[in-house]
Amino acid sequence: MSESVGERLRELRTERGLTQRELAGPQYSAAYVSSVETGARTPSGDALRFFAQQLGIDPDELLGGSSPRELLELDLELIETAERFLSGDARRATPRMQRIRRRAERLDRPRQAGIALLWLAGYSSGDIRTKYVAEAETTLSGEPPPVRAMVVPLRAAVLSDWGEAQYSLHLLETCHAELLRDGYPQPSMLLTLRACLAERHLRQGDLDRAAEYAESALRLTRGGPAVLAELTRSHVEVCRSHLAADRFADAAASVAAAYDLMQERALHPAMAHCLLARARVRGRAGDVEGALADLGAARETAWPDDVPAITVELAAEYLAAGRPETAGALLDQVRPAVVAGTALAAELRLQLGSLARARGDARGAAENLRAAVELATGLGARGVLARALRPLSELLGETGRQEEAANVLRNGLLALGAEAD
Numbered sequence: 001m002s003e004s005v006g007e008r009l010r011e012l013r014t015e016r017g018l019t020q021r022e023l024a025g026p027q028y029s030a031a032y033v034s035s036v037e038t039g040a041r042t043p044s045g046d047a048l049r050f051f052a053q054q055l056g057i058d059p060d061e062l063l064g065g066s067s068p069r070e071l072l073e074l075d076l077e078l079i080e081t082a083e084r085f086l087s088g089d090a091r092r093a094t095p096r097m098q099r100i101r102r103r104a105e106r107l108d109r110p111r112q113a114g115i116a117l118l119w120l121a122g123y124s125s126g127d128i129r130t131k132y133v134a135e136a137e138t139t140l141s142g143e144p145p146p147v148r149a150m151v152v153p154l155r156a157a158v159l160s161d162w163g164e165a166q167y168s169l170h171l172l173e174t175c176h177a178e179l180l181r182d183g184y185p186q187p188s189m190l191l192t193l194r195a196c197l198a199e200r201h202l203r204q205g206d207l208d209r210a211a212e213y214a215e216s217a218l219r220l221t222r223g224g225p226a227v228l229a230e231l232t233r234s235h236v237e238v239c240r241s242h243l244a245a246d247r248f249a250d251a252a253a254s255v256a257a258a259y260d261l262m263q264e265r266a267l268h269p270a271m272a273h274c275l276l277a278r279a280r281v282r283g284r285a286g287d288v289e290g291a292l293a294d295l296g297a298a299r300e301t302a303w304p305d306d307v308p309a310i311t312v313e314l315a316a317e318y319l320a321a322g323r324p325e326t327a328g329a330l331l332d333q334v335r336p337a338v339v340a341g342t343a344l345a346a347e348l349r350l351q352l353g354s355l356a357r358a359r360g361d362a363r364g365a366a367e368n369l370r371a372a373v374e375l376a377t378g379l380g381a382r383g384v385l386a387r388a389l390r391p392l393s394e395l396l397g398e399t400g401r402q403e404e405a406a407n408v409l410r411n412g413l414l415a416l417g418a419e420a421d
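According to full-length UniProt numbering, the stretch in the sequence shown is residues 1 to 421, in order.
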């Protein structure tokens with residue numbers, strides 16, 4: 001297995017009988033040297049040149065391998081192929097990433113091979129994803145904690161697919177706590193874990209915990225997809241310029257920055273759930289404009305499968321804000337994408353009923369609210385049922401159908417678990 005920059009630095013320092021403080025000299029701290037040696041930090045080009053000077057070697061020797069150019073070109077190819085995954089071209093990206101994985105293994109570069117496996121896993125499903133995740137865990141087993149931690153979100157996703165939602169959460173929580181406890185608070189890894197934790201807690205219905213992780217993840221992010229893509233391109237171009245000038249240490253620093261940005265860009269579906277959690281907290285606190293802004297941003301970055309539900313929620317927020325025309329346009333837009341007979345279909349009928357009521361269409365409101373109640377009752381969708389019962393019973397009462405209103409309310413409460421008299 002090949003050595004990392006940190007491992008080579010420690011080995012060469014030890015060979016020369018230097019302490020970490022002596023290697024750090026006046027320019028750096030012993031703690032910085034320790035973080036580089038353990039792999040918690042990637043040294044800048046200036047730091048690599050300084051350490052090489054202190055050790056009496058060429059900076060390229062710290063990068064390892066007989067051809068630092070070949071290794072850096074492998075990194076650039078991996079980043080370029082990951083870009084294809086992010087742009088939606090998984091069909092072409094998959095065989096390219098498989099070739100990169102095999103090439104990394106031939107060059108004895110476990111970190112690049114493991115990262116390639118993680119990209120493959122992220123755009124696979126079922127048994128194939130499980131296989132890639134297991135292989136990545138094995139490949140990265142000798143890497144520093146922040147690198148090994150890169151596997152955890154995908155392992156958690158596999159566990160969730162198996163119906164092990166609580167174990168999935170436990171795995172993410174444990175990894176997050178261990179990185180902080182053991183002194184590896186790498187920003188990109190903390191962002192990844194916190195975004196995934198926010199998403200998992202939100203799917204479990206724990207808004208308070210989701211919002212806690214969401215807020216800390218949103219503080220760490222550097223921008224939306226377009227900003228991150230531009231930053232990635234800049235670092236890649238800087239890397240190529242350094243390569244052209246044979247400045248391999250500087251090129252390696254630019255590659256490390258590009259890797260972090262690619263990891264953050266791949267997180268945006270999870271970041272959409274961070275925005276969603278914050279939107280709900282803001283809505284609960286009466287910050288309507290803040291909630292609308294977060295829901296709109298979440299809708300732009302979510303997985304396609306999550307967009308219909310976010311759109312319905314956004315429409316509901318516009319309706320609550322007294323903007324029924326915007327709400328109606330969103331509901332009309334999302335209708336074809338909502339699968340009949342699902343909890344989301346019940347939520348859609350609830351919002352259509354609320355919209356019709358706001359427009360003074362009592363008949364349309366009653367029809368949609370009744371459909372929401374019946375579908376939610378059949379599905380056991382308690383949240384939708386609880387929110388649809390009151391407006392339906394009130395509407396029936398307003399139109400002189402008090403007995404029917406009482407029956408609807410009584411049957412609904414029984415379905416929610418209330419005891420009959």
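Even glycine gets a Cβ: it sits at the ideal position worked out from N, Cα and C.
Length of the line joining the Cα atoms of residue i and residue j
| i | j | result |
| --- | --- | --- |
| arginine 401 | alanine 285 | 35 angstroms |
| arginine 382 | glycine 290 | 27 angstroms |
| proline 153 | arginine 194 | 10 angstroms |
| tryptophan 303 | alanine 365 | 31 angstroms |
| isoleucine 57 | leucine 243 | 19 angstroms |
| proline 59 | valine 5 | 11 angstroms |
| leucine 375 | threonine 342 | 8 angstroms |
| valine 384 | alanine 214 | 25 angstroms |
| glutamate 264 | valine 236 | 16 angstroms |
| arginine 91 | leucine 62 | 37 angstroms |
| glutamate 37 | alanine 345 | 54 angstroms |
| glutamate 419 | leucine 120 | Model confidence at glutamate 419 stands at a pLDDT of 43, short of 50, so the residue's coordinates are unreliable; what they give is reported in the following sentence. Taking the straight line joining both Cα atoms gives about 52 angstroms. |
| aspartate 260 | leucine 76 | 13 angstroms |
| glycine 328 | leucine 355 | 7 angstroms |
| glycine 408 | leucine 389 | Residue identity differs from the one stated: residue 408 is valine in this sequence, not glycine. If you take the alpha carbons of valine 408 and leucine 389, they lie about 7 angstroms apart. |
| leucine 132 | glycine 223 | Reading the sequence as shown, one finds tyrosine at residue 132 and not leucine. Using only the alpha carbons, I get a separation of about 29 angstroms. |
| alanine 157 | serine 141 | 19 angstroms |
| alanine 211 | leucine 220 | 14 angstroms |
| aspartate 332 | alanine 47 | 57 angstroms |
| arginine 96 | leucine 74 | 12 angstroms |
| proline 144 | proline 187 | 15 angstroms |
| leucine 330 | leucine 413 | 31 angstroms |
| residue 428 | alanine 406 | A question about residue 428 goes unanswered here, because the residues of the chain that appear run from 1 up to 421. |
| alanine 40 | threonine 94 | 29 angstroms |
| alanine 293 | histidine 273 | 14 angstroms |
| tyrosine 32 | alanine 337 | 52 angstroms |
| glutamine 98 | threonine 301 | 27 angstroms |
| glutamate 7 | leucine 350 | 60 angstroms |
| arginine 101 | alanine 134 | 14 angstroms |
| residue 451 | threonine 377 | The first residue shown for the chain is 1 and the last is 421, placing residue 451 beyond what the model contains. |
| glycine 205 | asparagine 411 | 25 angstroms |
| arginine 335 | arginine 49 | 60 angstroms |
| arginine 155 | leucine 18 | 40 angstroms |
| aspartate 89 | alanine 415 | 46 angstroms |
| serine 168 | leucine 202 | 13 angstroms |
| tyrosine 21 | valine 238 | Note that residue 21 is arginine in the sequence shown here, rather than tyrosine. Going by the C-alpha atoms only, they are around 31 angstroms apart. |
| histidine 268 | threonine 399 | 47 angstroms |
Cβ neighbour criterion (16 or more within 10 Å) applied to residue i
| i | result |
| --- | --- |
| isoleucine 128 | exposed |
| valine 339 | exposed |
| leucine 392 | buried |
| proline 146 | buried |
| proline 43 | buried |
| serine 35 | buried |
| alanine 24 | buried |
| arginine 16 | exposed |
| threonine 311 | buried |
Distance between beta carbons of residue j and residue i, contact taken as under 8 angstroms
| i | j | result |
| --- | --- | --- |
| tyrosine 28 | phenylalanine 85 | With 8 angstroms as the limit, tyrosine 28 and phenylalanine 85 do not qualify as a contact, their Cβ atoms being about 36 angstroms apart. |
| arginine 200 | leucine 172 | 6 angstroms |
| arginine 299 | leucine 314 | 6 angstroms |
| alanine 321 | valine 281 | Contact flag wrong, Cβ pair sits at about 16 angstroms. |
| leucine 191 | proline 185 | Incorrect: roughly 11 angstroms between the Cβ atoms, too far for contact. |
| glutamate 137 | valine 151 | 5 angstroms |
| threonine 232 | methionine 262 | 6 angstroms |
| alanine 372 | glycine 360 | At roughly 19 angstroms, the Cβ-Cβ gap does not stay under 8 angstroms, so alanine 372 and glycine 360 are not in contact. |
| alanine 149 | cysteine 196 | No, alanine 149 and cysteine 196 are not in contact; Cβ-Cβ is about 11 angstroms, not under 8 angstroms. |
| leucine 55 | arginine 13 | 7 angstroms |
Three or more C-beta pairs closer than 8 angstroms, one from the stretch 253-262 and one from the stretch 274-281: is that the case here? no
Any chance the stretch 79-92 sits against the stretch 116-123, with 3 or more Cβ pairs inside 8 angstroms? yes
With three or more C-beta pairs closer than 8 angstroms as the rule, is the stretch 70-78 touching the stretch 95-108? yes
**Prompt:** Taking contact to mean at least 3 C-beta pairs separated by less than 8 angstroms, is the stretch 222-239 in contact with the stretch 304-324?
**Reply:** no
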